[in-house]
Amino acid sequence: MSSVTVPMSFSKDPVLPPIRRPAESNDILKQMRESNFGLGVDDFSFSSKLTNVEAQRIISVIQDVQKKVSLINLLPDFLDRRVQSVFSSDTVNMISEHRQLEQRYKQLVESDKPTDSQNTELKEIIRQLKASTRTLYRNFVQNPTAMSKLRYLKSTKLPVVAQFEQLLQEMKILVYERLKTTVEEEKAKQDQLSIIIAKEQKTSNEVKVLQEEWEKAKRERANEISKKNDLIRRLKDELREIKQQAEEATKRLETRSKQKEDMDSQQFRDKEVSLKQEIASLKTQLEETVKKNREEEAQLRKKKFKIESEVENWIHKYDQEMEEKQNEIEDIAAIFSEEKTQLDELQQRYTDLQKAYNQILEDRRIVQEQKKEKEKQLRRMNDAATLIQAIWKGFKVRKEMKKKKEKGKEKKGKKGKK
């Protein structure tokens with residue numbers, strides 16, 4: 053195909069922002085979709101609106117590529133009996149060879165470290181794929197019946213192929229717009245593009261300033277974290293020293309306790325020896341006392357016999373006196389029984405009063421304990437309220453300081469933008 057002379061320049065354009073299709077291009081794309089673009093359906097003609105022959109040829113080439121892509125998508129993935137029964141053996145062989153070339157191309161592309169021989173083979177596979185695609189396209193174009201059968205066998209499109217077809221369609225619309233654009237319109241677009249690039253550069257500078265401020269804040273934050281880490285390290289060292297001092301104090305206490313235990317053991321042994329000596333002395337005294345008591349017992353027995361004789365006389369006399377006293381006792385017993393009954397009644401009443409008195413004391417004790425518990429709980433609630441108020445005041449102060457700091461940063465940012 054000969055070179056195309058188009059009244060515009062593509063090589064001198066700078067890096068462009070994302071291209072936005074004009075309203076007319078969107079209308080054309082909508083019309084293409086409504087016409088159900090594909091094999092066997094008349095394609096919407098862009099070339100009829102182009103006066104330049106070379107521009108018409110470019111659009112025709114893109115349309116031809118679209119048809120080839122649609123054809124490749126319709127090829128069956130597996131050559132089963134149904135496919136072999138629908139198409140001729142030559143067509144089946146061409147499809148099989150094309151799928152084999154695709155598989156080999158996929159293996160070579162997915163290779164992690166391709167060798168020189170694999171790169172050479174990849175180039176050859178690409179050339180063969182191009183030739184196979186042209187051959188298949190010509191075969192199906194020359195055979196409309198096979199084309200309709202192919203569309204019947206596979207009516208769905210892969211998402212990747214559909215996306216690629218959409219990309220080709222958009223590219224065709226963009227090329228069409230560029231081909232029908234005059235030199236004056238192209239210059240106006242270039243001027244507008246220069247304005248957009250200037251705005252983008254200004255925005256980039258502002259972003260750079262904000263990036264520097266962010267880096268500064270990041271460094272300040274890192275310094276603050278470093279200071280806090282140093283504080284934590286010092287606190288850990290102090291905690292380690294406190295633990296070491298506690299361990300040393302515990303060891304000293306254990307040493308003193310052991311020494312005291314040894315001293316107590318020695319004192320116990322000394323006391324035990326002295327007590328044993330005292331027991332031996334007391335045993336000697338006991339033996340002497342028993343001997344002395346036996347002699348006294350013999351004398352007392354003699355005295356007892358004499359006293360027993362006297363006692364018998366006294367008993368006789370006692371019996372006479374007791375008879376007299378018995379009568380007196382019976383009278384006193386009657387009086388005692390009456391007073392005993394009164395005493396029991398008074399004792400029962402005293403017991404009831406004692407129980408009531410104990411119950412009153414217990415109630416007072418419970419009330420006193422409840423009062424103490426309430427006072428203790430009230431003190432605990434007051435301490436908790438004081439602590440919560442202190443934490444809340446600290447939180448509000450930190451929040452106000454953070455807001456002032458953020459406002460200061462916003463003012464600095466606004467000054468930088470100006």
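Basically this note's numbering = 1-based index in the sequence shown + 52.
All C-beta atoms, glycine included, are put in the ideal place defined by N, C-alpha and C.
Residues in its own chain within less than 8 Å of residue i by CB, not counting five upstream and five downstream?
i	result
K356	none
L12	Lying before the first or after the last residue shown, residue 12 is absent from the chain, which here runs from 53 to 470.
S169	none
I178	Y157
E452	none
K312	none
Sorted by chain position, which residues of the same chain lie with C-beta nearer than 6 Å to residue i's C-beta, five sequence neighbours on each side aside?
i	result
R346	none
R73	Only weak support is given to the placement of R73: the predicted model assigns it a pLDDT of 40, under 50, and the value that follows is read from those uncertain coordinates. Excluding positions up to five away in sequence, the list is empty.
K457	none
Quick test of your reading: residue i and residue j, contact by CB under 8 Å. State the CB separation rounded to the nearest angstrom.
i	j	result
L131	I147	6 Å
A183	T143	Rounded, the Cβ-Cβ distance is 16 Å, inconsistent with contact.
V121	V213	7 Å
L205	V138	7 Å
Would residue i pass as a contact of residue j if the rule is Cβ separation under 7 Å?
i	j	result
L44	Q115	The chain is shown from 53 up to 470; residue 44 falls before or after that span and cannot be answered.
L160	L174	yes
L231	A107	yes
L245	L126	no
For residue i, which residues from the same chain have a beta carbon less than 7 Å from its beta carbon, with the 5 sequence-adjacent residues on both sides left out?
i	result
F216	V121
K454	none
K310	none
Among the candidates the options, whose CA atom is the shortest distance from the CA of residue i?
i	options	result
K224	R109, S200, V193, L283	R109
K461	A301, Q441, V261	V261
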